[in-house]
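*Asks:*
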Amino acid sequence: MKISDAIRRLNTVQRSLPFRVIASIVIVAAAIVGFAAYAVYRTAPLAAPIVEPGEAPRASGAGAADDPIESTRLALEQILSARTDTTALGVGVAVVTGLALFVTWFGLALTYLALLIVVALVAVPLVLADGTRNLGLLVGGAAVLTGAFTILLEAARVALSGSGPVRAVARNVLAEAVRMKFSLVFIVILIVGLAALPGVLDESQPLRYRVQTFMSFGTGLSYWVIAVLTVLFSAATVAFEQRDRIIWQTMTKPVASWQYVLGKWLGVTALSGVLLAVCATGVFLFVDYLRTRPAIGEREAYVAASQDEYITEDRLVLETQVLAARVTVDIDPPVKPTDAEFRRAVEEFIRNERVGNESFARDPAERRKVEEDLYKSWERAYRAVPPGGIKHYVYRGLAPARAANTPITFRHRVDAGSNAPDESVYVTFILGTESPQIYVRRLGLGFYHSMTIPAAVVESGGEVRLAIANGNLENGVPNADTISFPPGGLELSYSAGSYRANFARGVLLLWMKLAFLSMLTILASTSLSFPVTCLVAFGAFLAAEGSLYMSGALEHFRTEDEQGNVNHLLVLAEWITMGVAWVFSGYGDIRPTAKLVEGRLISWAEVARGVAILAALAAALYAAAVLAFRRRELATYSGH
Amino acid sequence: MPDPATPPLRQPVVACQGVTKVFKDFWMRDRARAVDSLTFEVYPREVFGLLGPNGSGKSTTIKMILGLLRPTSGRIAVFARPPSDVAIKRRIGYLPEESYLYPFLNARETLEYYGKLFEIDHATRRRRIDELLDMVGLTHAQYRPVRDYSKGMQRRIGIAQALINDPDLLILDEPTTGLDPIGTRQVKDLIVELGRRGKTVLLSSHLLADVEDCVDRLVILYGGRKRDEGTCDSMLERRSRTTIETDALDDATIAEIDAHLRRRSGGERAVLRVGHPRQTLEEKFLDIVEQAQRERAATSGVVHGGATAAFLRGPEAAEGEALISDLLRQEPAPPPAQPATREEPGPPSVLESLVDKGAGKPDAAATPTRSPEPAPTDQSVDESVISSLLDRPHDDDQPGRTP
Chain Z
6 MKISDAIRRL NTVQRSLPFR VIASIVIVAA AIVGFAAYAV YRTAPLAAPI VEPGEAPRAS
66 GAGAADDPIE STRLALEQIL SARTDTTALG VGVAVVTGLA LFVTWFGLAL TYLALLIVVA
126 LVAVPLVLAD GTRNLGLLVG GAAVLTGAFT ILLEAARVAL SGSGPVRAVA RNVLAEAVRM
186 KFSLVFIVIL IVGLAALPGV LDESQPLRYR VQTFMSFGTG LSYWVIAVLT VLFSAATVAF
246 EQRDRIIWQT MTKPVASWQY VLGKWLGVTA LSGVLLAVCA TGVFLFVDYL RTRPAIGERE
306 AYVAASQDEY ITEDRLVLET QVLAARVTVD IDPPVKPTDA EFRRAVEEFI RNERVGNESF
366 ARDPAERRKV EEDLYKSWER AYRAVPPGGI KHYVYRGLAP ARAANTPITF RHRVDAGSNA
426 PDESVYVTFI LGTESPQIYV RRLGLGFYHS MTIPAAVVES GGEVRLAIAN GNLENGVPNA
486 DTISFPPGGL ELSYSAGSYR ANFARGVLLL WMKLAFLSML TILASTSLSF PVTCLVAFGA
546 FLAAEGSLYM SGALEHFRTE DEQGNVNHLL VLAEWITMGV AWVFSGYGDI RPTAKLVEGR
606 LISWAEVARG VAILAALAAA LYAAAVLAFR RRELATYSGH
Chain G
-5 MPDPATPPLR QPVVACQGVT KVFKDFWMRD RARAVDSLTF EVYPREVFGL LGPNGSGKST
55 TIKMILGLLR PTSGRIAVFA RPPSDVAIKR RIGYLPEESY LYPFLNARET LEYYGKLFEI
115 DHATRRRRID ELLDMVGLTH AQYRPVRDYS KGMQRRIGIA QALINDPDLL ILDEPTTGLD
175 PIGTRQVKDL IVELGRRGKT VLLSSHLLAD VEDCVDRLVI LYGGRKRDEG TCDSMLERRS
235 RTTIETDALD DATIAEIDAH LRRRSGGERA VLRVGHPRQT LEEKFLDIVE QAQRERAATS
295 GVVHGGATAA FLRGPEAAEG EALISDLLRQ EPAPPPAQPA TREEPGPPSV LESLVDKGAG
355 KPDAAATPTR SPEPAPTDQS VDESVISSLL DRPHDDDQPG RTP
């Protein structure tokens, strides 16, 4: 039998109904068995049980919340229980099973199986051989991501099948994306880049940094590459179609302008959704794989190498601050810039200055600057503790943590002098008043440190009171220097949800941003040529992404020189920047990647707000695009 | 409630009234007056020609009819609706002057795409695509990307997409551009057949033979203005001359006929020219190709297209396709394609008889009466312009032509 005949016969087999049914049963059974076997392995008891020296674990009970030690122990045990968590595995198995079932019912099961075997034959020897492990991982990762991309793209095409202009145009966009060279190049770059990313992680780094680096680059870079692709492809699919007159044959069919624009947008948004889903799933699964690697100071994942440690700091930070969805609370300063007391202080300061300089702070901008500088000076002093001194601080809004009896993470950073890396200081923290927790810590300078404190320190009104002594209160030895805590250097946080759900919400917001970007570009391309469209769209995209930085930069922007002469060009630049920052302020506030990397909660309310803002902006752009498209004459003068 | 896109009987399918199109430059200065006060009407079941040299405003007029351009002044109605009305486009098929196709799609996907735009259901779409691919002779190349097609093959796909919705009004802009003589003949046959089946065809061309072979009525444009309008016969027939074609005659017989003519007319009439009729190059070419196909000579290009798609021949034609195929198998091999002729449809074939019976349309009988009332002819027509357009000498020295 010829090879071509054999392939043809196999193709017939894989498209037959009995094969699909049997293959589906096999896939589901294999998934269940595989998941169960791995879950049993993950939940097996450790060779050495987790025991803190000198203290046997106490049973949890009603009084656990009131017992700080017991509460802390429970919190730590909860963290360590992630070792046996099979959620990620379940998600992974579900994703793979879903893709396999789709491929099977699409009649391509044997084709994909053959490709998988070929990839395995290439990648596995590379992984096992010395010096080519990363290359093997790259090949395997890229192949898996490509397979997932093609399957999801096909799923999108199936979802957009059927008659009707909107779906027909959208489906055509998907075909264009994978058959035109320039969009294909971006897709290849994205997939290969993401597959290569694990290879650049430094295994000697703390695990939390490795995870943060991968999440930051994996999610952030994926988003930016997809965003660039979205701009270029949205511009190309509309502008080139008009330039090459292909649109004539579409718009002389019963296709309304709103249907054409909607179809284009839907196609590009589906493409960006598929790419984002592939990248996000890859990042999610690899992060969960990293989580099962030993952290610094662990002999195996979740098991500290030292018998003196219950949990390593690396693991603690990873689980409570990185792979988390936490709400953060900073200290509540007793004086605010709007307080009458502060305003009086400012007035007095200005009055004193005008004794020597009559024109001091006459200009509103200059006065604003004076107020900001004064407040920052006060804040620095407020966050500093002199040698041997004690400062008191208060946090508010922690009632949910108390109600849920959720352990609280206290993240802190101490600065002193020039933050010499070989120096450390003793600091005493006293948290709470009803059942105060006293911690004496020897801390390196300039680094963030974390510890877990019980929810019992939260008062009934949601406040937590903190007293900081500059020195060791146990032996009464003060430090030699003043210590200070920078903004964000005295932060309490508590978990308000799972990292996985947070990740899904973050990805949803990123997709919405891409959808908005696509509509923005399509609007530009209805009236402009491809290069001009790209310029406009990239300009708007960068302005939107940078609007938060623009707002920050405007605070320090000055339109006059040292002699007080106003530069009108700078005034114009300030107005333009203010306008751009204002227009995109809603967009700029939506920064899911940063929150994901920092383990901060992206609440459903925040998602709803972000979706509402982006949907409103996209709807306005859509209306403008339809209007511009309807007004445009699609044909041009072709005479002599 | 009547369909707004369905005009009452005898209402023109396309009506242009004083249409002018002026293209402006960036500074809104007049750049070109492409169409100038153009007025004409196209009636149902009519094959109407727009004839003119390059830059005469044919394509611009068509683009305005399709809503791709807006007239600077004047009024256009298609099926009694403005060209911007999306509903009327369900009844229009359009072939632009060049085939502007998605290069990344193959022929089948291209027709799928345009079929979906018309919301044609899956089964009908599939059947029509098969028939159209067969008709344009691209079934064997249907899975190749359009970008790999020759210009002629792309043109054929362009024609197929224009017919996917079985249009009531077919607008063809230079339809034979890029086609070989076989394709050209097929397109002309198709136009004639569609006209006979009651479709309205608006044909734009600068190729005189295309127009002459197909159209019932035409306007001739130059510089964006109408120079003449009427039926082909009324514009081309030269009643001052008579041609008689017989079997070959010897000199003596010819002399006798000449003497007879002179005698009967008192010396006023005579035989002016004697010659042997020539086969046209097109006819010769088609004979050679058909001979090669009978000999099954190999080719990687376009295969001779099949018959007109069944769905274009009438609603029942498609349904009775199996029966027709059976009948055709019992018939002797069909004769080579004959040049299209508008005047004499000839006796109906088995296929046509079946289709006509099913369709219930008096097509053959209706053909001679399909021409609408001729529009008034512009008396101020510049005859020299028309002559130059037609590229035909005034004297009667065309051998072998019959009036």
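So the protein lines, in turn, are chains Z and G. The first sequence begins at 6 in this note's numbering and counts up by one. The second sequence begins at -5 in this note's numbering and counts up by one. Quick reminder that beta carbons are idealized off the backbone N, C-alpha and C, glycines included. As the structure is a prediction and not an experimental result, all values here were calculated from the model.
Quick one: give me the first and last residue of the beta strand (DSSP E) that Val36(G) is part of.
*Replies:* Residues Asp24 to Val36.
*Asks:* Nearest-angstrom Cα distance between Pro405(Z) and Leu495(Z)?
*Replies:* For Pro405(Z) and Leu495(Z), the distance between alpha carbons rounds to 19 Å.
*Asks:* Can you find a C-beta in chain G that's less than 9 Å from the C-beta of Asn177(Z)?
*Replies:* Yes, its Cβ sits closer than 9 Å to a Cβ of chain G.
*Asks:* Enumerate in chain order the residues of its own chain whose CB-to-CB distance from Gly95(Z) is below 8 Å, with the five nearest sequence positions on each side excluded.
*Replies:* Excluding residues within five positions, the ones whose Cβ falls inside 8 Å are Phe40.
*Asks:* Step through the CB atoms of chain Z and report whether any lies within less than 9 Å of the CB of Tyr96(G).
*Replies:* Yes - at least one Cβ of chain Z is within 9 Å of the one on Tyr96(G).
*Asks:* Determine the chain G residues that contact Ala232(Z) at a beta-carbon separation under 8 Å, and present them in chain order.
*Replies:* Neighbours of Ala232(Z) on chain G: none; closest Cβ ~23 Å, over 8 Å.
*Asks:* Could you round the C-beta distance between Leu306(G) and Leu188(G) to whole angstroms and report it? I think they count as a contact, below 8 Å.
*Replies:* Right, the Cβ-Cβ distance comes to about 7 Å (below 8 Å), so this counts as a contact.
*Asks:* Please report how far the alpha carbon of Asp399(G) lies from the alpha carbon of Ile238(G), in whole angstroms.
*Replies:* A query on residue 399(G) cannot be resolved here, the shown segment of chain G reaching from -5 to 397 and no further.
*Asks:* Touch check for the stretch 107 to 122 of chain G and the stretch 164 to 177 of chain G: three-plus C-beta pairs under 8 Å?
*Replies:* Verdict: no, contact absent.
*Asks:* Would you identify the three-state DSSP class for Val268(G), choosing helix, strand or coil?
*Replies:* Note: Val268(G) maps to coil in three-state DSSP.
*Asks:* Which residues bound the beta strand (DSSP E) around Asp335(Z)?
*Replies:* Its beta strand (DSSP E) spans residues Arg331 to Asp335.
*Asks:* Buried or exposed: where does Ile151(G) fall if 16 or more other Cβ atoms within 10 Å of its Cβ makes it buried?
*Replies:* So Ile151(G) counts as buried.
*Asks:* Thinking just about the alpha-carbon of each residue, which of Met22(G), Gly146(G), Ile158(G) and Ile153(G) is nearest to the one in Pro175(G)?
*Replies:* Of Met22(G), Gly146(G), Ile158(G) and Ile153(G), the residue nearest in Cα terms is Gly146(G).
*Asks:* Taking Thr240(G) as the reference, give the member of Pro271(G), Thr171(G), Phe42(G) and Arg233(G) with the closest Cα.
*Replies:* The shortest Cα separation from Thr240(G) among Pro271(G), Thr171(G), Phe42(G) and Arg233(G) belongs to Pro271(G).
*Asks:* So which residues of chain G does Ser168(Z) contact, with C-beta pairs closer than 9 Å?
*Replies:* Neighbours of Ser168(Z) on chain G, chain order: Gly109, Lys110, Leu111, Phe112, Glu113, Ile114, Asp115, His116 and Arg119.
*Asks:* By Cβ distance, which residues of its chain are closer than 6 Å to Thr66(G), with the 5 residues on each side in sequence left out?
*Replies:* Excluding residues within five positions, the ones whose Cβ falls inside 6 Å are Thr14, Lys15 and Val16.
*Asks:* Starting from Val430(Z), trace the beta strand (DSSP E) in both directions and tell me its first and last residue.
*Replies:* Note, Val430(Z): beta strand (DSSP E), Ser429 to Leu436.
*Asks:* Have a look at Leu553(Z) and Thr582(Z) and give me their C-alpha separation to the nearest angstrom.
*Replies:* Their backbone Cα atoms lie some 11 Å apart in a straight line.
*Asks:* Would you check if the distance between the CB atom of Ala409(Z) and the CB atom of Tyr499(Z) is smaller than 9 Å?
*Replies:* Their beta carbons are under 9 Å apart, which means Ala409(Z) touches Tyr499(Z) by this criterion.
*Asks:* In angstroms with no decimal places, state the Cα-to-Cα distance between His200(G) and Val130(G).
*Replies:* Roughly 23 Å between the two C-alpha positions.
*Asks:* Which same chain residues, not among the five before or five after Leu106(Z), have their C-beta less than 8 Å away from its C-beta?
*Replies:* If we look at Leu106(Z) and ignore the five residues flanking it on each side, its Cβ neighbours are Ser29, Ile32 and Val33.
*Asks:* Starting from Ser199(G), trace the beta strand (DSSP E) both ways and give me its first and last residue.
*Replies:* Taken as a continuous stretch (DSSP letters only), the beta strand (DSSP E) holding Ser199(G) covers Thr194 to Ser199.
*Asks:* Is it true that the CB of Val41(G) sits closer than 9 Å to the CB of Ile153(G)?
*Replies:* No. Outside cutoff.
*Asks:* Could you compute how far the alpha carbon of Pro483(Z) sits from the alpha carbon of Gly198(Z)?
*Replies:* Their backbone Cα atoms lie some 52 Å apart in a straight line.
*Asks:* For Leu639(Z), which residues in chain G fall below 9 Å Cβ to Cβ?
*Replies:* Within 9 Å Cβ-Cβ: Lys57, Gly61, Leu62 and Leu63.
*Asks:* Flag Glu92(G) as yes if its beta-carbon sits less than 9 Å from any beta-carbon of chain Z, otherwise no.
*Replies:* True, the Cβ-Cβ gap to chain Z drops below 9 Å.
*Asks:* Across which residues does DSSP place Ser67(G) in a beta bridge pair?
*Replies:* In DSSP, Ser67(G) forms a bridge with Thr14(G).
*Asks:* Quick check on the DSSP output: the beta strand (DSSP E) that includes Leu471(Z) runs from which residue to which?
*Replies:* Start and end: Val469 to Ala474.
*Asks:* Would DSSP call Tyr137(G) helix, strand or coil?
*Replies:* Coil at Tyr137(G), not helix or strand.
*Asks:* Which term fits Val432(Z), buried or exposed, when burial requires 16 or more other beta carbons within 10 angstroms of its beta carbon?
*Replies:* Result: buried.
*Asks:* Look at Ile214(G) and Gly46(G) and say whether their C-beta atoms are less than 9 Å apart.
*Replies:* Yes, these two residues count as a Cβ contact at 9 Å.
*Asks:* Return the residue from the list Ser209(Z), Leu121(Z) and Glu479(Z) that minimises the CA-CA distance to Tyr444(Z).
*Replies:* It is Glu479(Z) whose Cα lies nearest to the Cα of Tyr444(Z).
*Asks:* Touching or not, the stretch 517 to 531 of chain Z and the stretch 284 to 301 of chain Z, by the rule of three or more beta carbon pairs under 8 Å?
*Replies:* No: fewer than three Cβ pairs fall under 8 Å.
*Asks:* So which residues on chain G does Arg248(Z) lean against when the C-beta distance must stay under 7 Å?
*Replies:* In chain order: nothing, as chain G lies at least about 11 Å away.
*Asks:* Tell me, please, which residues DSSP counts as bridged to Met517(Z).
*Replies:* The partner list for Met517(Z) (beta bridge, DSSP) is empty, contrary to what the question assumes.
*Asks:* Pick out the complete alpha helix (DSSP H) segments inside the stretch 93 to 178 of chain G, 4 residues or longer, and give them in chain order.
*Replies:* You should have 101 to 111, 116 to 129 and 145 to 157.
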